[in-house]
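First residue of the sequence shown: 103, per our numbering; consecutive thereafter. All C-beta atoms in this analysis are idealised placements derived from N, C-alpha and C, irrespective of residue type, glycine included. Everything on this sheet refers to the single structure shown next.
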Amino acid sequence: MSIVTIHQAKTNLSRLIEKASEGEEVIIARGSKPVARLVPVGEVKGRRQPGSLKGKLQVGPEFFEPLPVSELSGWE
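What follows is the structure, given as structure tokens:
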């Protein structure tokens with residue numbers, strides 16, 4: 103883990119991004135107070151496909167019944 107000031111982060115951003123992409127956590131501080139953390143982005147998943155859960159979810163018939171008035175008032 104590295105701790106750098108905001109000024110150092112501005113000056114060395116490319117190098118710090120490289121460190122983060124390699125898995126190192128970089129803390130950015132204002133003075134001696136940590137204010138931000140630079141970490142690698144998690145694995146980017148593929149695009150979601152419409153209908154990919156078809157047949158995998160079950161909804162009971164009560165799902166389609168009207169909501170009680172007491173619950174509807176909470177949505178207004």
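For residue i and residue j, I'd like the C-alpha separation in whole angstroms.
| i | j | result |
| --- | --- | --- |
| residue 140 | residue 110 | 13 Å |
| residue 149 | residue 159 | 20 Å |
| residue 144 | residue 152 | 23 Å |
| residue 133 | residue 177 | 47 Å |
| residue 168 | residue 174 | 9 Å |
| residue 154 | residue 112 | 43 Å |
Just to check my reading of the structure: residue i and residue j have Cβ atoms closer than 8 Å, yes? What is that Cβ distance to the nearest angstrom?
| i | j | result |
| --- | --- | --- |
| residue 122 | residue 142 | 5 Å |
Could you have a look at residue i and say whether DSSP puts it in helix, strand or coil?
| i | result |
| --- | --- |
| residue 154 | coil |
| residue 140 | strand |
Taking 7 Å as the cut-off, decide whether the C-beta atoms of residue i and residue j are in contact.
| i | j | result |
| --- | --- | --- |
| residue 128 | residue 118 | yes |
| residue 131 | residue 105 | yes |
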